[in-house]
Amino acid sequence: MNIEKNTEKQRLNFWEKIYLPEIARGLGMTFVEMFKPKVTRQYPEEVWNPTGSYRGRPVLVLEEDGERCVACGLCSRVCPALAIEVAAGETEKTKERYPIKFEINMLRCIYCGFCEEVCPEEAIVMSKDYDLVFEKQEDAILDKDQLLIPMAQLQDRLEFLRQYRR
Amino acid sequence: MPQIIIDGQRIEAAAGKTIIEAALDNGINIPHFCWHPSLSVAGNCRMCLVNVGSIRRAADGSIEHDADGNVMVNYMPKMQIGCATPVADGMVVDTQSHKTESAQNAVMEFLLINHPLDCPICDEAGQCKLQEYSFEHSKGKSRFDEQKVHKPKRVELGPQIMFDGERCISCSRCIRFADEIAKQPAITFVQRGDKVTIENFPGTTFDSPYSMNVIDICPVGALTSKDFRFKTRVWEMSFNDSICTGCSRGCNTKVGVRDNTIMRIEPRTNMHVNEYWMCDHGRLTQYDFVNENRVSEPMIRNSAGQLVKADWNDAYAAAAELLRSVKHQEIMVIGSSKSSNEDNYLLAKFAKSVLKTNNIDFVRHFNEEFGDSFLRTRDMSPNAHGAMESGIAHHAQHGTSIDHLADKISQGFIKALYVMDEDIALIPKIASVLDKVQVLIVHTHNATATAEKAHVVFASSTYAESEGTYTNVTKRVQHFTPAIVTKENERYMGMKMSRWDKFGAFNDRWTQGERRNSRMSWRIVQGVANAMNAQWQYKDSESVFEEMTHHVDGFKGMSYELLDEYGGMIMGRIGTPESKGVVYESHYFKPQVS
Ligand code: SF4
Ligand code: SF4
Ligand code: SF4
Ligand code: SF4
Ligand code: FES
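If you read the protein sequences in the order shown, they are chains S and E.
To convert a position in the first sequence, counted from 1, into my numbering, add 1429.
To convert a position in the second sequence, counted from 1, into my numbering, add 2.
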């Protein structure tokens, strides 16, 4: 074995060995910090509101006459984590398809935003919602009702996409 | 034979072939929409434009070379369509040059001018020729900023077919199919120019028994199946090779499965059986009984007279005990023209060597009205020839036939019935005496009237869950593979799976389609036989078939491998199998599932 010996410089000197001055130095630092401005946020009492560029959980855009999604399944195809499952049905509207079933498994989702990027209808967008707590695995699979969010609440993200999406 | 040069490759082409055919025979695919190998040539889409010329010769007949030593070619001033230009000796065709490419780009741009580009809601997406060629041969940008022409959408052309005028590229494949193959000229172009669309002739509807084939050959999503519309995207299905069990033609099919449920069935090219087609009956009726109303566990009738779920081995033992309680010649074994050769062979062997009975037969399913001069046959079961060849045949002198079964039961000669995959309670004469039978052992896919009366019910796998062979009306033996997962075939090697099936975990909802506890009928027969001390040890369908090739004349010399290679082989003509030839499919799935 090749054990390296500490050099003289690396060894603790006398003052370090007796330890007390270092404690005093630490206490001093704490004392000084007490008078500086606080940066810690009292989460969850104090909630942080991210900007439009934030990628929280993906949600479906809900317009007055229902969802924008046409159940094309592209988000499901592109999702690297296979988090999305879509099943389509026929409607009387001009866009003939709509999702009978739309589920995102939040335990699979990695918040990459590919689904938002691929969607031809701008129907799935990344929201600001980062506060996700589940007690059971099944609860983490969000269905259409939990995913649909009125368009008004998603203005920041839609505006962000308008400006920065190429 | 004329020799031609395509893209620098010298090929021999039979005289009279067109450029596109000669190229396809040699593995070169020229982009095309309107051409289809079994339809007349329309030459209207112009997608197959290629540069055609001949080798330049000097006055003395010698071949001229340019400064770099390349052969010089006199190209025609205008490009030719590959689908309508016959080959000629010394012809030079180029499908790759800048000129050809720019023609393809121009045709694509033209076709896309009025195309709605609604791939996200179109069922063809993922297998669409227009999509595929847009990807390969177009600029990706439209220069057309005028209003697109609007045409009728959601038009019913027939009971099964929905037409979308805006997506149609007017290739006329569907019209030619209706005229030439379905022989029901019920649809035609109306209007002209960019207003052209398709309508029924007044007072007609396209309801031919083969109508749904136009959905497959339509190169775009203009024709959709009312039965399938929007059920799922094509890339979300796992497609496995199967055989239609609707009649004794045995059309080759692909079975599309999602969430362990059959979504649709479509034809697979086999030039010796069904060419590119299948009938609507096959498409529409051959999945319901697989998806629904299934018996998915073995069951034994308990002392209270109720059928209760049981373990496989208990069910085998119960069946064995019941069969031992009657005399050999009091047992009747009923095979099935709907089950595979393997199932029937082992059942026949079981009857002869274990049960030692001569009473063996199967139910025939004839329907004169169903048969026609194209694909459909009057025998509505897929494997009558195979069942007979495998030994499920009633012996004229000894043994009971199906026709006499009811009498023999009421006279008390037959006391036990072993029924494989057949709902004999549908035969009124037999149904009326079924209560007199002491022992009724049934293999069944569905909860049938026969199963309701049985003492032991074995859950048997349908064709879509099994591997095996069928023998069709022309005595062609064809191999089929499972498309649906059961507990038995969970680890079947070589099953094609979609991305979702491959990577889904147990807690993903889409993987939670029922995995039934059913078994292939031959395996059930082996179980009962072994419970009666037979000691058979067949591992898989192939090992049963292997044995058949030694013991049954019709199957001599066959193997699953050879059957796959030749697209099936005819019994008694093993020495001269027909080659599969070049297989043309009207669409491929993109991205390809593997
Ligand atoms: S954000 Fe990414 S991982 Fe999450 S659902 Fe969308 S594509 Fe899938
Ligand atoms: S990509 Fe958009 S339109 Fe398509 S299924 Fe997903 S959310 Fe719906
Ligand atoms: S409906 Fe389809 S097959 Fe018929 S002409 Fe139009 S594009 Fe061709
Ligand atoms: S002709 Fe017979 S085998 Fe072919 S698809 Fe129709 S029912 Fe099935
Ligand atoms: S394929 Fe030749 S013109 Fe259409």
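All residues carry an ideal CB built from backbone N, CA and C; glycine is no exception.
Source: prediction; values computed, not measured.
Tell me which residue opens and which closes the beta strand (DSSP E) that residue i is part of.
| i | result |
| --- | --- |
| alanine 418 of chain E | 418-422 |
| threonine 97 of chain E | Segment: none, threonine 97 of chain E is in no beta strand (DSSP E) and carries neither H nor E. |
| glutamine 480 of chain E | 478-482 |
| arginine 1450 of chain S | Note on residue identity: the sequence assigns proline, not arginine, to residue 1450 of chain S. Proline 1450 of chain S -> not in any beta strand (DSSP E); alpha helix (DSSP H) instead, spanning 1449-1462. |
| aspartate 363 of chain E | 362-364 |
| threonine 446 of chain E | 441-446 |
| asparagine 532 of chain E | Unbroken run through asparagine 532 of chain E is the alpha helix (DSSP H), 523-533; no beta strand (DSSP E). |
| leucine 349 of chain E | No beta strand (DSSP E) holds leucine 349 of chain E; the alpha helix (DSSP H) holding it covers 343-351. |
| serine 227 of chain E | 225-227 |
| asparagine 293 of chain E | Taken as a continuous stretch (DSSP letters only), asparagine 293 of chain E belongs to no beta strand (DSSP E), being part of the alpha helix (DSSP H) at 290-293. |
Which residues in chain S have a C-beta closer than 7 Å to the C-beta of residue i? List them in chain order.
| i | result |
| --- | --- |
| asparagine 116 of chain E | Near asparagine 116 of chain E there are no residues of chain S at all, since even the closest Cβ is about 17 Å away, more than 7 Å. |
| tryptophan 237 of chain E | Arg1506 |
Select from the options the residue whose C-alpha is nearest the C-alpha of residue i.
| i | options | result |
| --- | --- | --- |
| aspartate 1568 of chain S | E/Asp510, E/Ala184, E/Phe368 and E/Asn474 | E/Asp510 |
| leucine 357 of chain E | E/Leu26, E/Lys329, E/Ser99 and E/Asn474 | E/Lys329 |
| isoleucine 163 of chain E | E/Ser210, E/Phe547, E/Ser327 and E/His457 | E/Ser210 |
| phenylalanine 230 of chain E | S/Glu1474, S/Ala1512 and S/Ala1516 | S/Ala1516 |
| aspartate 243 of chain E | E/Gly570, E/Gly515 and E/Thr483 | E/Thr483 |
| glycine 569 of chain E | E/Lys477, E/Arg521, E/Ala312 and E/Arg378 | E/Lys477 |
| alanine 386 of chain E | E/Asn474, E/Ile432 and E/Ala320 | E/Asn474 |
| glutamate 1496 of chain S | S/Ile1529, S/Pro1466, S/Asp1585 and S/Glu1564 | S/Ile1529 |
| histidine 139 of chain E | E/Asn295, E/Phe146 and E/Lys131 | E/Lys131 |
| leucine 51 of chain E | E/Ala44, E/Asn304, E/Glu103 and E/Ala25 | E/Glu103 |
| glutamine 1513 of chain S | E/Phe352, E/Arg48, E/Phe505 and E/Ala25 | The sequence shown places isoleucine at residue 1513 of chain S, not glutamine. Comparing Cα positions, the closest option is E/Phe505. |
| lysine 153 of chain E | E/Phe146, E/Arg169 and E/Lys141 | E/Arg169 |
| methionine 265 of chain E | E/Tyr472, E/Asn272, E/Lys256 and E/Met273 | E/Lys256 |
| proline 161 of chain E | E/Lys143, E/Glu492 and E/Ala188 | E/Ala188 |
| asparagine 76 of chain E | E/Ala86, E/Gln82 and E/Arg59 | E/Arg59 |
| cysteine 1509 of chain S | S/Lys1565, S/Glu1545, S/Ser1556 and S/Leu1583 | Correcting the residue type first, residue 1509 of chain S is proline in the shown sequence and not cysteine. Answer by Cα proximity: S/Glu1545. |
| glutamine 106 of chain E | E/Cys124, E/Asn53 and E/Val94 | E/Asn53 |
Strictly under 8 Å for the Cβ-Cβ distance: is residue i near chain E by that measure?
| i | result |
| --- | --- |
| valine 1507 of chain S | no |
| proline 1549 of chain S | yes |
| glutamate 1462 of chain S | no |
| glutamate 1532 of chain S | yes |
| glutamate 1514 of chain S | yes |
| leucine 1511 of chain S | yes |
When the cut-off is 8 Å and only beta carbons count, does residue i lie next to chain S?
| i | result |
| --- | --- |
| valine 595 of chain E | The pLDDT assigned to valine 595 of chain E is 45, lower than 50, so where the model puts this residue is not dependable, and the model offers no usable value. |
| glutamate 277 of chain E | no |
| isoleucine 7 of chain E | no |
| tryptophan 502 of chain E | yes |
| proline 579 of chain E | no |
| phenylalanine 505 of chain E | yes |
| tyrosine 590 of chain E | no |
Interface residues of chain S around residue i at Cβ under 8 Å?
| i | result |
| --- | --- |
| phenylalanine 232 of chain E | Ala1500, Ala1517, Gly1518, Glu1519, Glu1525 and Arg1526 |
Mind listing the chain E neighbours of residue i? Cutoff is C-beta to C-beta under 7 Å, in chain order.
| i | result |
| --- | --- |
| glutamine 1566 of chain S | Asn509 |
| isoleucine 1570 of chain S | Arg511 |
| leucine 1489 of chain S | Under the 7 Å cutoff, chain E gives no residues; its nearest Cβ is about 15 Å from leucine 1489 of chain S. |
Which residue comes first and which comes last in the alpha helix (DSSP H) that contains residue i?
| i | result |
| --- | --- |
| glutamate 1545 of chain S | 1543-1547 |
| glutamate 1532 of chain S | Run containing glutamate 1532 of chain S: none in the alpha helix (DSSP H); it sits in the beta strand (DSSP E), 1526-1534. |
| isoleucine 411 of chain E | 404-413 |
| glutamate 549 of chain E | 543-553 |
| valine 1507 of chain S | 1503-1507 |
| isoleucine 22 of chain E | 21-27 |
| lysine 141 of chain E | Lysine 141 of chain E -> no alpha helix (DSSP H), and no H or E assigned at all. |
Would you mind telling me which residues of chain E sit closer than 8 Å to residue i, beta carbon to beta carbon, in chain order?
| i | result |
| --- | --- |
| leucine 1503 of chain S | Pro122 |
*Quick one: any contact between the segment 186-203 of chain E and the segment 130-143 of chain E, if contact means 3 or more CB pairs under 8 Å?*
With fewer than three CB-CB distances shorter than 8 Å, the segment 186-203 of chain E does not count as touching the segment 130-143 of chain E.
*asked:* With three or more beta-carbon pairs closer than 8 Å as the criterion, would you say the segment 201-218 of chain E touches the segment 1484-1494 of chain S?
replied: no
*State whether the segment 335-348 of chain E contacts the segment 414-423 of chain E, with contact taken as three or more CB pairs (one from each stretch) at a distance under 8 Å.*
yes
*Would you call the segment 1472-1480 of chain S and the segment 1499-1506 of chain S in contact, with 3 or more CB pairs under 8 Å?*
no
*Can we say the segment 287-300 of chain E touches the segment 218-234 of chain E, given the rule of at least three CB pairs closer than 8 Å?*
no
*Okay, do the segment 66-82 of chain E and the segment 1565-1583 of chain S touch, 3+ Cβ pairs below 8 Å being the bar?*
no
*Looking at C-beta atoms only, is the number of pairs between the segment 448-467 of chain E and the segment 302-318 of chain E that lie closer than 8 Å three or more?*
The segment 448-467 of chain E makes contact with the segment 302-318 of chain E, as at least three CB pairs between them are under 8 Å.
*Answer yes if the segment 28-42 of chain E comes into contact with the segment 163-179 of chain E, meaning at least three C-beta pairs across the two stretches below 8 Å, and no otherwise.*
yes
*Meets three-Cβ-pair contact criterion under 8 Å: the segment 167-176 of chain E and the segment 40-57 of chain E*: yes
*Flag this pair as touching only if the segment 85-101 of chain E and the segment 113-130 of chain E have three or more C-beta atom pairs under 8 Å; answer yes or no.*
Using a C-beta cut-off of 8 Å, the segment 85-101 of chain E makes no contact with the segment 113-130 of chain E, since fewer than three inter-stretch Cβ pairs fall below that distance.
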